Amino acid sequence: MDASEIYNHPLSISLLLLLLLLTLVQLLKITRHSRNHLKLPTSPPKLPILGNLHQLLGTIPHRSLKALSERYGPLMFVYFGNSPTLVVSSAELASEMIKTHDIVISNRPKTTPANILLYECRDVGFANYGEYWRKVRKICVLQLLNVRRVQSFQHIRDDEVSSLVNKIRNLCLNGGSINLTEMLLAVTNNIVSRCALGRRVEEENGKSNFGEVSRTLVEQLTAFCIGDVFPSLGWIDALSGLNGRLNATARALEDMLDQVIEEHMNNDMFVGGTDTTATALEWAMAELVKNPTSMKRAQEEIRSVMKGKSKIHMKDIEKMDYLKCVVKETLRLHPSLPLLVPRETATNLKWRGYDIPAKTRVFVNAWAIQRDPQVWDNPEDFLPDRFVNNTVDLNGQNFQFIPFGAGRRGCPGISFALAAIEYVIANLLYWFDWKLPRGEVLENLDMIEVSGLAVHKKLALHLVPTLYSPYP
């Protein structure tokens, strides 16, 4: 959610302020009642109606929340409009909360986009914890995400990455830069869609209804809806046309899945798998170009393991220890979902002497945790070597490093995502040398973030590839 969008809503500011004032008295009564009867964690100063939304303006939410936590502590209680939210910003607190209260905080807060686009939040990622979610997750893991199934999809990764390498090889003849961001998104979309749907969503000519629906879905899932923070004003989203656009995408998605079912293909769907994986690849390549020593070491390892072979196999990847360190360091600095996927308390919760009401959203700021100077040396620097001979993994057991979350609602697609990320990077570094376009310097490489379903680079990554020949 990008809080700044509240000020860019199609309705005029004057009308919006009038509507907000009409609900002021009621909301203040609710807020005062809660304050008087509950012992809540420390909260930054908030404004009537807006709560703490104003403190998220001007930057990315996970950065603003980290700055607030440095002042008010790693356990904060904030209000996004009328929505109470608990923000956890330390590994110790995240570990304690998830290990002792995982079931209570395993629900998902319903948002208008997820409710409309994902069949009333019946997707495995957004469904509330319970019997239905357990069944859906079990099916998802058995059919798509267990290690054996991930290995069985290797031929798909081979096909799509070979197409990517060939496309870049042909573009090398021009000697200019390429939009690597767009290519990484396309290859990721196709890997995921072929595994989940049995077909490509991105065609070479750029014309694909499947691809358009997929990209629109990812974009709209994080749309800011006034009704999600001010429930009594939810009708504004309908009046502005936002709900209509969401419903149009939902109908297009349903038509697409109907076609898939008619063709007897797997009708399960990865909502976050494409954008998050592509984002990780983009950040990895950006960091490697910005840190040529790390890139050189990774390339030397990959080319040494390959010994001139014409095709990388997964058994080769298993020998590339430094490559795995590069991936880990990328996910430490740039978790695709910096606040993970928000949770919600199913019941009232008493924790550390505080009262956490039911229906409170819970944000775990993984981005802040993974840059905590009390845990990590030089936390702002890209240093893959920190993971050499380091037993810290990313399966949710070490809470100082949780890019895929932890507990019952941890991401079930870790093996799937890592297989794609490692395989794509290995091929990009094996077959090509990379540099910035002429006139650009490493120190000025743009690393500004922008929020979406995943936090990616604000500006697309343009690089110049040079073909490497492994043959003497």
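Those letters in the sequence shown? Residues -27 to -1, 1 to 445, per mature numbering (1 follows the signal peptide of the UniProt record, and there is no 0), in order.
Each residue gets a CB set at the ideal place from its N, CA and C atoms; glycine is no exception.
Owing to the predicted nature of the structure, the values given are computational and were not obtained by experimental measurement.
Would you say residue i and residue j are within 7 Å of each other, going by their C-beta atoms?
i, j, result
"Phe405", "Tyr441", "yes"
"Ile285", "Asn400", "yes"
"Trp340", "Pro308", "yes"
"Ser125", "Phe372", "no"
"residue 446", "Phe53", "Absent from the structure is residue 446, since the part of the chain shown begins at -27 and ends at 445."
"Glu302", "Lys430", "no"
"Ile112", "Glu133", "no"
"Asp201", "Thr84", "yes"
"Thr318", "Thr333", "yes"
"Arg316", "Ile76", "no"
"Asn55", "Asn80", "no"
"Glu313", "Val337", "The amino acid occupying residue 313 in the given sequence is Leu; Glu does not appear at that position. Closer than 7 Å, so yes."
"Gly383", "Phe377", "yes"
"Trp407", "Leu432", "no"
"Thr250", "Ala393", "yes"
"Met293", "Glu274", "yes"
Expressed to the nearest angstrom, what Euclidean distance is found between the alpha-carbon atoms of residue i and residue j?
i, j, result
"Val97", "Val160", "24 Å"
"Asn216", "Val278", "52 Å"
"Thr195", "Leu310", "12 Å"
"Ile89", "Asn220", "6 Å"
"Met238", "Gly171", "Caution applies to Met238, whose pLDDT of 45 falls short of 50 and renders its modelled position unreliable; the value that the coordinates give is listed next. Computed Cα separation, rounded: 6 Å."
"Val109", "Ser150", "43 Å"
"Asp241", "Val423", "At Asp241 the pLDDT is 42, less than 50, meaning the model places this residue with poor confidence; the figure from the coordinates comes in the next sentence. Straight-line Cα distance between these residues: approximately 29 Å."
"Thr439", "Val138", "12 Å"
"Pro14", "Gly24", "15 Å"
"Ala257", "Leu11", "45 Å"
"Ser42", "Val61", "9 Å"
"Pro265", "Leu402", "12 Å"
"Ala259", "Asn362", "24 Å"
"Val174", "Val120", "24 Å"
"Val348", "Thr252", "25 Å"
"Ala169", "Arg44", "44 Å"
"Ala379", "Gln370", "7 Å"
"Pro410", "Gly148", "10 Å"
"Ile22", "His74", "30 Å"
"Arg381", "Ile342", "19 Å"
"Tyr(-21)", "Arg276", "With a pLDDT of 43 at Tyr(-21), under the threshold of 50, the modelled position of that residue is not reliable, and no figure is offered here."
"Ser37", "Pro57", "17 Å"
"Arg359", "Ile33", "27 Å"
"Tyr327", "Asp231", "48 Å"
"Leu206", "Cys94", "21 Å"
With residue i and residue j assumed to form a contact (beta carbons below 8 Å), what rounded beta-carbon distance in angstroms separates them?
i, j, result
"Val300", "Leu391", "7 Å"
"residue 448", "Leu66", "Outside the displayed range of the chain (-27 to 445) lies residue 448, so it cannot be described from this structure."
"Leu153", "Leu434", "5 Å"
"Leu248", "Ala427", "In the sequence as presented, Leu is not what sits at residue 248; that position holds Asp. Yes, they are in contact, since the Cβ atoms of Asp248 and Ala427 sit about 5 Å apart, within 8 Å."
"Asn162", "Ser187", "6 Å"
"Glu395", "Lys297", "7 Å"
"Tyr295", "Arg270", "6 Å"
"Leu418", "Lys263", "5 Å"
Buried or exposed for residue i, please, with buried defined as at least 16 other CB atoms from any protein chain shown within 10 angstroms of its CB.
i, result
"His128", "exposed"
"Met70", "buried"
"Thr222", "buried"
"Arg130", "buried"
"Lys39", "buried"
"His35", "buried"
"Ile421", "exposed"
"Tyr444", "exposed"
"Ser63", "buried"
"Trp106", "buried"
"Asn368", "exposed"
"Glu227", "exposed"
"Thr364", "exposed"
"Ser267", "buried"
"residue 457", "Any property of residue 457 remains undetermined from this structure, which presents the chain solely from -27 to 445."
"Val414", "exposed"
"Leu30", "exposed"
"Gln28", "buried"
"Gln193", "buried"
"Leu212", "exposed"
"Pro82", "buried"
When DSSP builds the beta bridges, which residues end up paired with residue i?
i, result
"Met49", "Val60"
"Glu317", "Asn80 and Arg334"
"Leu322", "Ile329"
"Lys408", "Val437"
"Ile151", "Leu436"
"His429", "Val423"
"Gly24", "Leu20 and Phe53"
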